[in-house]
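Visitor: Be aware that the sequence shown starts at 289, since it is given in the numbering used here, and climbs by one per residue. Structure incoming, see below.
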Amino acid sequence: MSKLTDKISYLQGLAEGMKLNPEKDSNRLIQGILEVLGEVGESFEALAEAQGELSDYVESIDEDLADLEADLYDEENEDLAEDEDDDEDDEDIEAGGALVYKCPHCQEEIELDPDELDLEEDHPCPNCGKELFPELPDEVD
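Following this line, the structure appears as structure tokens:
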């Protein structure tokens, strides 16, 4: 029991020991207040217990989230390191800002200006004449 419920029980015991006359209005009021106070104390204990359980649950979720974040960020850091290695090997973007793209059909390298590139338009390869950016199927299995 908490200190609050102990004090409420003490007050209820005092009232019973005083043998208050239930016929008097003031005594009925005191007994009613003590009954409500007892219910409030019980509700408070139930609420405190539920809050403790919720706190434990949130702490467990927080620990799980920290584990997931650690795993995720470790993977992202590994991916970034791999990407940096790939970027060193890639020659897709030259110093002038042109994009060097290999035709998927003839493997010819073509320089494209990224500012003027609209992927919704057709872009035939100047070497083989086939579409540089073929449409992908809607669903990939």
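Ideal Cβ placement from N, Cα and C applies to all residues, glycine included.
1. Considering only residues of the same chain and omitting the five flanking positions on each side of L353, which have a CB-CB separation below 7 Å?
2. Out of curiosity, what's the CA-to-CA distance linking E363 and E404?
3. For the structure I just gave you, are there three or more beta carbon pairs, one from the region 325–343 and one from the region 301–316, closer than 8 Å?
4. Does L400 pass the burial test, meaning 16 or more other C-beta atoms within 10 Å, or should it be called exposed?
5. Can you look up L387 in the DSSP assignment and give me helix, strand or coil?
6. Sorted by chain position, which residues of the same chain lie with C-beta nearer than 8 Å to K390's C-beta, five sequence neighbours on each side aside?
7. How far does the beta strand (DSSP E) with L400 in it extend, from its first residue to its last?
8. Under DSSP, the alpha helix (DSSP H) around K291 begins and ends at which residues?
9. Alpha carbon to alpha carbon, how far is L325 from A334?
10. Can you tell me whether L420 is buried or exposed, with buried defined as 16 or more other CB within 10 angstroms of its CB?
Guide: According to the data block:
1. none
2. 35 Å
3. no
4. exposed
5. strand
6. E396, E397, I398
7. 397–400
8. 291–305
9. 14 Å
10. buried
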